[in-house]
Amino acid sequence: MRSSADDVAEAAHTAEAALRSALSSGAGVERVSAELEVSPRALRAIADGSVPLRSLHPDDRLRFA
Numbered sequence: 001m002r003s004s005a006d007d008v009a010e011a012a013h014t015a016e017a018a019l020r021s022a023l024s025s026g027a028g029v030e031r032v033s034a035e036l037e038v039s040p041r042a043l044r045a046i047a048d049g050s051v052p053l054r055s056l057h058p059d060d061r062l063r064f065a
């Protein structure tokens, strides 16, 4: 699948919002992190905005474009 930089930005923003919403609605960090196969520490960093999800994109050209 290919995506443009705009698609990546929109998808990352939507995913970050969904993570924040899930956590604020009572979903436990441990459960969400297990479902996503990501560490609880990484999930917290993404949810609190200290690590932008887009910065984890596997394509270097789209990480910060």
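Take the sequence shown: its position 20, counted from the start at 1, is 20 in UniProt numbering, and no numbers get skipped. Every residue gets a Cβ at the ideal spot worked out from N, C-alpha and C, and that includes glycine.
- Under the three-state reduction of DSSP output, A11 falls in the helix class.
- By the criterion of a C-beta distance shorter than 8 Å, G49 is surrounded in its chain by E16, once the five residues flanking it on both sides are discounted.
- Put simply, the backbone Cα of A34 is about 10 Å away from that of G28.
- Annotation: the continuous alpha helix (DSSP H) that includes L36 extends over 29-36.
- Per DSSP, the unbroken alpha helix (DSSP H) holding L43 starts and ends at 40-47.
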